[in-house]
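Below is one structure, written out as structure tokens; the observations come after it.
What follows is the structure in structure tokens.
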């Protein structure tokens, strides 16, 4: 489906090569190819904030601080990490991704646990929802996957596009005009989805 979408959009994938140089007229590839370009948008690679270097603790290959299930930084008392700075355990032996899918619940649990630590209350474990992805392909549609092996999720036509719209427009957008709902969503025990309406 992604290949079809790229074809529909007129994009030409270049697989099996890497970028070796950029200049004001082109992108130069390791296979000897060049792509003429006057504007280049570099959107590869994700790393943790350089601020993590100020904490004397183990880090993963992306610079993220290694944390336990309660998001405590390994070897540093009283320090918690969340979002793109935390290499937290996810289900089935995986580590969380650097994405809003994990960053939002990581922030809720780390915030709760930091406050709980100050107040002498029990900490909560970070337990992410099962891993899923949803990729918007512009005019070509969208793709939804389930699991770390990214199995395509089947659904009616337009399912993935509608899901991605709901994610972007409803689930990720804080309800700034509703303080009660904003506080409800900040609770680490609450998911991102709005509650169902009360029965009539």
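In UniProt numbering, the protein residues as written are 1 to 200. Just so you know, even glycine gets a beta-carbon here, dropped at the ideal spot from N, CA and C.
Please return the same chain residues whose Cβ sits closer than 6 Å to the Cβ of residue i, not counting the five positions on each side in sequence.
i           : result
residue 108 : 188
residue 58  : 66, 74
residue 110 : 71, 80, 82
residue 18  : 30
residue 60  : 87
residue 98  : 46, 84
residue 20  : 28, 30
residue 146 : 132, 153
Taking only three categories from DSSP, how would you classify residue i?
i           : result
residue 4   : helix
residue 14  : coil
residue 110 : helix
residue 184 : helix
residue 48  : coil
residue 53  : helix
residue 22  : strand
residue 172 : coil
residue 159 : helix
residue 122 : coil
residue 179 : helix
residue 115 : helix
residue 127 : coil
What are the partner residues of residue i, as DSSP defines its beta bridges?
i           : result
residue 165 : Bridge partners of residue 165: none, in fact.
residue 145 : 133, 152
residue 34  : 28
residue 59  : 65
Once you ignore the five residues that flank residue i on each side, which residues in its own chain have a CB closer than 7 Å to its CB?
i           : result
residue 40  : 22, 27
residue 47  : 62, 63
residue 164 : 134, 136, 142
residue 128 : 90, 91, 96, 102, 105
residue 100 : 172
residue 190 : 184
residue 148 : 92, 94, 131
Got a sec? Which residues, its chain only, sit under 8 Å from residue i by beta carbon, not counting five neighbours each side?
i           : result
residue 175 : 181, 182, 185
Runs of beta strand (DSSP E) wholly within the region 65 to 105 (minimum 3 residues, chain order)
none
If you pair each beta-carbon of the region 118 to 125 with each one of the region 133 to 150, do three or more pairs fall below 8 Å?
no
Kindly confirm or deny that the region 34 to 52 and the region 74 to 87 touch, where touching means at least three C-beta pairs closer than 8 Å.
yes
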